[in-house]
Amino acid sequence: MKNIPDFNIAFMKEALKEAEKAQKAGEIPVGAVIVKNNKIIAKGCNKREKEQSSISHAEINAIKKANKVLKNFRLTNCDIYVTLEPCPMCAGAIIESRIKNIYFGAYEPKEGAVESVIDLPSVYNKKSFKTQGFGGIMEKECKALMQSFFKSK
């Protein structure tokens, strides 16, 4: 097991609020927040149905907002908190954004690309920066939200 660096549980609670927004809109409840210098700079939730876009995942939406806030495609020294383990697309976007740490809640055993199926951050590391992933942050709450959504379907 990896040593988990310091993180703020309040940030995962904010990601859960984003996931709840998605759920209320009929989307799969995934939420993400991006943090820099201990301050949330961007939030995102799943909007695939609303936008009819396969890339409108919570992480991608949060990254786009953070890029605008920082006026930079590099999100160096930022962390992302996401309620569900990122898929390969999102893990790749997080790495390319140069986000330092991925903190996620529920594991995604079918397509999780941070620990479950593949550890993309370990496989895809550039010499100039390294992204690390850490799972199971508020896992019970994140998993319960997903389960309640799919039970209602």
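Every letter in the sequence shown is one number past the one before it in the working numbering, and letter 111, counting from 1, is 1020. Every residue gets a Cβ at the ideal spot worked out from N, C-alpha and C, and that includes glycine.
The distance from the Cβ of A931 to that of N955 is about 4 Å, consistent with a contact at the 8 Å cut-off.
Look at Q1056 here: in three-state DSSP terms it is helix. As the crow flies, the alpha-carbon of K1019 is around 15 Å from that of Q1056. Contact between G953 and E994 does not hold, since the beta-carbon distance rounds to 16 Å and is not under 8 Å. In this structure, the CA atom of S1061 is about 22 Å from the CA atom of M1047. In this structure C1051 is in contact with G1014, their Cβ atoms being roughly 3 Å apart against a cut-off of 8 Å. Secondary structure of A941 (DSSP, three-state): strand. For I989, the enclosing beta strand (DSSP E) stretches over residues 987-993. Relative to I943, the option among E1017, T985, P997, S1025 whose CA is nearest is T985.
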